[in-house]
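Single-structure report; data block below.
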Amino acid sequence: MLYAFAHFLRDKMPFLWNIVDIVNSFLFSQRYGKKLKVVESSFTCYKVEIGYEVLPISLVDTQELVSFFFHQPEEAYTFFKPHGFDVRSIKKMQKNNAFLAYVLRDTNNGNIAGYCFNRSFFHGKGFRGRMVDINYRGKGLGTLMNRILNDIGFSIGLQLFETVSKDNIASYRSAVSASNFKVVKELPHNELYLEILKD
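Yeah, the sequence shown ends on 185 if you go by this note's numbering, and it's all consecutive.
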């Protein structure tokens, strides 16, 4: 699978992965950049309707993102390891045109309530993931972020996928409640490889 291969390159051959990442970022921008700008311009609707502002991570202070990840409990990272969480890693993600990552900011107090992304590839596939801040759990924000990711991904023409562990109950529930899906494959360690389907 492409996502597993990407993880292998990132972990075992970082130099080669960096080259692939740069090329993918450029090609993705050429293919989807204009559509993405149109979709992201509609983010103001979330601020009005739900009390949260959706921002691309390129518009968020790097240190604020690092602080957000630092203050999450250790157990939050049992299943969530999409990239590094230091300044250098976050800056790299902020510059990557194919890493469609967003924060959900509470408009009442300015806090980052959640982080979500579609790690995308120029040939049309995206792999979604999310993290809800420890202080905002239980409010349905994981499900909301999945819907936002679906809106973005499907609007620009991506096929969306996700790997989720049935042992990660909150993530599993938000994954299946936000979307129609089909199980592509059952993986080791009680994980499911899902294709997210349009409503």
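Ideal Cβ positions, reconstructed from N, Cα and C, are used throughout, including at glycine. None of these values were measured; they are calculated from a predicted model.
For residue i: DSSP bridge partner residues
{"i": "TYR88", "result": "PRO42 and CYS102"}
{"i": "TYR158", "result": "Answer is none; TYR158 lacks a bridge partner."}
{"i": "ALA173", "result": "A small correction: the amino acid at residue 173 is Leu; Ala does not occupy that position in the sequence shown. DSSP output for LEU173 lists GLU177 as bridge partner(s)."}
{"i": "LYS168", "result": "GLU181"}
{"i": "PHE107", "result": "LYS111"}
Pick from the options that is closest to residue i, judged by C-alpha positions
{"i": "VAL89", "options": "ASN83, ILE134 and LYS67", "result": "ILE134"}
{"i": "SER151", "options": "SER163, THR129, LEU51 and ASN176", "result": "ASN176"}
{"i": "SER157", "options": "ALA99, ARG116 and ASN83", "result": "ARG116"}
{"i": "LEU127", "options": "VAL25, TYR38 and ASN136", "result": "TYR38"}
{"i": "ILE138", "options": "LYS23, SER163 and ASP119", "result": "LYS23"}
{"i": "ASN104", "options": "ALA62, TYR122 and ASN83", "result": "ASN83"}
{"i": "GLY100", "options": "ALA87, GLY112 and ASP119", "result": "ASP119"}
Unbroken beta strand (DSSP E) run spanning residue i, endpoints
{"i": "GLN145", "result": "145 to 151"}
Euclidean distance between Cα positions of residue i and residue j
{"i": "LEU45", "j": "TYR179", "result": "31 Å"}
{"i": "LEU41", "j": "ARG91", "result": "8 Å"}
{"i": "LYS77", "j": "PHE140", "result": "26 Å"}
{"i": "ILE142", "j": "ASN94", "result": "30 Å"}
{"i": "VAL25", "j": "ASN136", "result": "12 Å"}
{"i": "GLN80", "j": "GLU60", "result": "24 Å"}
{"i": "PHE107", "j": "ILE5", "result": "14 Å"}
{"i": "PHE85", "j": "THR48", "result": "15 Å"}
{"i": "GLY121", "j": "PHE56", "result": "Note that residue 121 is Asn in the sequence shown, not Gly. Whole-angstrom Cα-Cα distance: 14 Å."}
{"i": "ASN166", "j": "GLY70", "result": "30 Å"}
{"i": "VAL73", "j": "LEU51", "result": "9 Å"}
{"i": "LYS125", "j": "ILE36", "result": "12 Å"}
{"i": "PHE14", "j": "ALA164", "result": "26 Å"}
{"i": "GLY16", "j": "ALA62", "result": "Looking at the sequence provided, one finds Gln at residue 16 rather than Gly. Between GLN16 and ALA62, the C-alpha separation is close to 35 Å."}
{"i": "ALA87", "j": "CYS102", "result": "6 Å"}
{"i": "LYS20", "j": "GLU181", "result": "25 Å"}
Where the alpha helix (DSSP H) containing residue i begins and where it ends
{"i": "GLY115", "result": "Here GLY115 belongs to no alpha helix (DSSP H); instead the beta strand (DSSP E) covers 111 to 118."}
{"i": "ASN136", "result": "127 to 142"}
{"i": "ARG123", "result": "Unbroken run through ARG123: none, as it is neither H nor E."}
{"i": "GLU61", "result": "Where GLU61 is concerned, there is no enclosing alpha helix (DSSP H), given that its DSSP letter is neither H nor E."}
{"i": "PHE54", "result": "48 to 56"}
{"i": "LYS81", "result": "73 to 81"}
Expected contact under 8 Å - CB spacing of residue i and residue j to nearest Å
{"i": "THR149", "j": "LEU173", "result": "7 Å"}
{"i": "ARG114", "j": "ASN132", "result": "7 Å"}
{"i": "GLY110", "j": "GLN58", "result": "So it is not a contact: roughly 31 Å between Cβ atoms."}
{"i": "PHE66", "j": "ILE98", "result": "Actually they do not touch by this definition, with Cβ atoms about 15 Å apart."}
Chain C contact for residue i (CB, 8 Å cutoff)
{"i": "ASP7", "result": "In the displayed structure, chain C is absent; only one protein chain is listed."}
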